[in-house]
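**Q** Reading the sequence shown from the start, the letters are residues 40 to 84 in the working numbering. Supplied in structure tokens, the structure appears directly below.
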Amino acid sequence: MRKKKVRKRREVKNKKERSKKERGEEESEEYREMQFHKKMLAAHS
Numbered sequence: 040m041r042k043k044k045v046r047k048r049r050e051v052k053n054k055k056e057r058s059k060k061e062r063g064e065e066e067s068e069e070y071r072e073m074q075f076h077k078k079m080l081a082a083h084s
């Protein structure tokens, strides 16, 4: 029982780190798109 708990906690930690990495990449991608749209809007107005 105890070993299972430890492994589960490690999996959760890995999942959190992995999701943090993925979220960071997604945010930078969205940020780039936002900057691109802002440039487009500025060019139009």
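Cβ coordinates follow ideal geometry from the N, Cα and C atoms, glycine included. Remember, it's a predicted structure, so these values are computed and weren't measured experimentally.
#1: Beta-carbon within less than 8 Å of Ser67's beta-carbon, same chain only, minus the 5 sequence neighbours each way: which residues are those?
#2: Which same chain residues, not among the five before or five after Arg48, have their C-beta less than 8 Å away from its C-beta?
#3: Using a Cβ-Cβ cut-off of 8 Å (strictly less than) and excluding sequence neighbours within five positions of His83, which residues of its own chain qualify?
**A** By the coordinates alone:
#1: Along the sequence shown, one-based indexing puts residue 67 at 28. None.
#2: Indexing the sequence shown from 1 puts residue 48 at position 9. Cβ within range, chain order: n/a, list empty.
#3: The count along the sequence shown starts at 1 and reaches residue 83 at position 44. Shown here for His83: not one same chain residue has a beta carbon closer than 8 Å to its own, the five before and five after excluded.
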